[in-house]
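Before any comments, here is the structure.
There are 2 protein chains.
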Amino acid sequence: MSEVLRSYIETYASTTLTDAEFELVMNAFTFKRLRRKQYLLQEGDVCKYYGFILKGAMRQYSVDLKGTEYVIHLGLEESWIGDRESFFMLTPSQYNIDAWEDTDLLLITNEDFQRLLDTIPAVVTMMRVIDQRYYISTQRRLHSSIAYTARERYEELVNTQPELIQRFPQQMIASYLGISPETLSRIRRQSIEK
Amino acid sequence: MSEVLRSYIETYASTTLTDAEFELVMNAFTFKRLRRKQYLLQEGDVCKYYGFILKGAMRQYSVDLKGTEYVIHLGLEESWIGDRESFFMLTPSQYNIDAWEDTDLLLITNEDFQRLLDTIPAVVTMMRVIDQRYYISTQRRLHSSIAYTARERYEELVNTQPELIQRFPQQMIASYLGISPETLSRIRRQSIEK
DNA sequence: CGAAAATTTGACATGACTCAACTGGAGTGG
DNA sequence: CCACTCCAGTTGAGTCATGTCAAATTTTCG
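Line by line, the protein sequences are chains F and U. Okay, so the first sequence: first residue is 1 according to my numbering, each after it adds one. Okay, so the second sequence: first residue is 195 according to my numbering, each after it adds one.
What follows is the structure, encoded as structure tokens:
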């Protein structure tokens, strides 16, 4: 099971880990199983753990005074989940993170993570590559939200990340796109009609 | 002048550079002066240089078929400018980058940048810290675009980055916020009336 | 099957956009 | 130093995309 993390790191760092290094990595992480709807993080708490998703589906979202939820991240297996701002700055988070499907995670604390960065160069490289990709994908998403209509953003998502649409309910996808569930429903109908 | 870059790196890396290291850094960068409206990057080109702004104001934007401009980044002194996706992936950029004010830059190529990352640990650390901050600020901006109205986004910008509002014309700020210049004008009037 | 949740649909409200006209400087040149 | 132009910003009117609320329908799942 932890082989998944090993090959993930090796892929992103474009190198291999020695068994000793991998041992260190595995000691730094704790396995955790979350059932559907269980929380990894609740608003107001500091994000103590960053998680690597082995299997499952999770979401990160805020809730406003009216109770409306705003989804800012959806995560599937072989990706990371956590509120980075809170995790690294040790500040209270404005986000909630919960499991949408039953999810298996590998969790790591800030301290342990820093230690890995200090001792294993491959982890540093991996982080650089991941940040790079995140930087690029967020910039694209930001550009979409400024330059594209609701329909265009939905169609872009269908083309680039169909797996999200398959795994999460429509209302979450709507929130992720920054539109109402009703609007998304209408957009989909019109897309089909054409 | 290049002392600015040195102290920037030292601040972000929380360490000092040896003179030898700084020598390497300076050899990697080229000084460039851009006049107002000159381009650093044009759509369709690969972003050959990443720039550190010593003095001035720059913007990064795309243009759609109708000629409408969408500003995705505004940069002032002591920050970086460039299309990271194009720069690191060597792909043609969809963005234009030009100088809004006369601007002094230090430019670096991808090759030279990789070399610095390989030879100077402080540069690696600096990048990690910068990426971290960018990650956080972009996530916030994304959250704003999903969860807040045009007015709220404008007010947030006034509170968090008033220097952008002072240095760039209103229509660029509007584009940066993803709203029309007319809408921004009306929002401002109403804010004043209250 | 039956309850609860998700999605769809309809009717209506509204925020934001578009287009066009107007206003008010900031420069320029006679 | 005035007249003129240019351009950003403002304002108005009409439109359109999207949101809201409520009801109907479909799907999910115990």
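Where a beta carbon is used, it is the ideal one built from N, C-alpha and C, also for glycine.
What does the Cβ neighbour count give for residue i, buried or exposed, with the cut at 16 atoms within 10 Å?
| i | result |
| --- | --- |
| U/Gly276 | buried |
| U/Gln333 | buried |
| F/Thr103 | buried |
| U/Ile266 | buried |
| F/Arg33 | exposed |
| U/Ala214 | exposed |
| F/Leu40 | buried |
| U/Ser171 | A question about residue 171 of chain U goes unanswered here, because the residues of chain U that appear run from 195 up to 388. |
| F/Asn252 | Outside the displayed span of chain F (1 to 194) sits residue 252 of chain F, for which this structure offers no information. |
| F/Ala36 | First, the residue type needs correcting, since residue 36 of chain F is Arg and not Ala in the sequence shown. Its Cβ having fewer than 16 others within 10 Å, F/Arg36 is exposed. |
| F/Ser93 | buried |
| U/Arg347 | buried |
| F/Ser185 | exposed |
| U/Gly238 | exposed |
| U/Gln254 | buried |
| U/Leu259 | exposed |
| F/Phe31 | exposed |
| U/Gly261 | exposed |
Mind reading off the beta-carbon distance from residue i to residue j? Whole number of angstroms is fine, and I expect it under 8 Å.
| i | j | result |
| --- | --- | --- |
| U/Ser273 | U/Cys241 | With 8 Å as the limit, U/Ser273 and U/Cys241 do not qualify as a contact, their Cβ atoms being about 16 Å apart. |
| F/Tyr50 | U/Tyr329 | Not a contact, Cβ separation roughly 13 Å. |
| F/Gly75 | F/Met58 | 5 Å |
| F/Met127 | F/Leu117 | 7 Å |
Under 6 Å Cβ to Cβ from residue i, same chain only, skipping five residues before and after it: list those, please.
| i | result |
| --- | --- |
| U/Ser208 | none |
| F/Thr125 | Ala13 |
| U/Leu351 | none |
| F/Pro181 | Gln171, Ala174 |
Could you please give me the residues that DSSP links to residue i through a beta bridge?
| i | result |
| --- | --- |
| U/Tyr243 | U/Thr303 |
| F/Tyr70 | F/Ser62 |
| F/Trp80 | F/Phe52 |
| F/Tyr39 | F/Asp98 |
| F/Asp104 | F/Arg33, F/Lys55 |
| U/Pro286 | U/Val240 |
| U/Gly269 | U/Met252 |
Among residues of its own chain, excluding the 5 on either side of residue i, which ones have a beta-carbon nearer than 7 Å to its beta-carbon?
| i | result |
| --- | --- |
| F/Lys55 | Glu77, Thr103, Asp104 |
| F/Arg6 | Leu17, Phe22 |
| F/Thr109 | Lys48, Tyr49 |
| F/Gln132 | none |
| U/Tyr202 | Glu272 |
At a threshold of 7 Å, does residue i count as lining the ligand FMN (C-beta to nearest heavy atom)?
| i | result |
| --- | --- |
| U/Lys260 | Among the components of this structure there are no ligands whatsoever, and the ligand FMN is therefore not found. |
Identify, in the order they occur along the chain, each residue of the same chain with its Cβ nearer than 8 Å to the Cβ of residue i, setting aside the five sequence neighbours on each side.
| i | result |
| --- | --- |
| F/Ile165 | Leu157, Val158, Ile173 |
| U/Tyr342 | Glu350 |
| U/Thr377 | Ala344, Ala368 |
Taking a cut of 7 Å between CB atoms, which residues from the stretch 141–162 of chain F lie near chain U?
Arg141, Leu142, His143, Ser145, Ile146, Ala147
Please identify, using Cβ separations under 8 Å, the residues of the stretch 317–332 of chain U that lie next to chain F, in order along the chain.
Val318, Met321, Arg322, Asp325, Gln326, Tyr328, Tyr329, Ile330, Thr332
Looking at chain F, which residues of the stretch 249–261 of chain U have a Cβ within less than 8 Å of any of its Cβ atoms?
Ser256, Asp258
Output needed in chain order: residues of the stretch 279–303 of chain U with a Cβ under 9 Å from some Cβ in chain F.
Glu279, Phe282, Met283, Gln288, Tyr289
Anything in the stretch 2–33 of chain F with a Cβ closer than 9 Å to a Cβ of chain U? List those residues in chain order, please.
none
Of the residues that make up the stretch 234–246 of chain U, which ones have a beta carbon closer than 9 Å to any beta carbon in chain F?
none
Using a Cβ-Cβ cut-off of less than 7 Å, give me the residues of the stretch 177–188 of chain F that come near chain U, in sequence order.
Gly178
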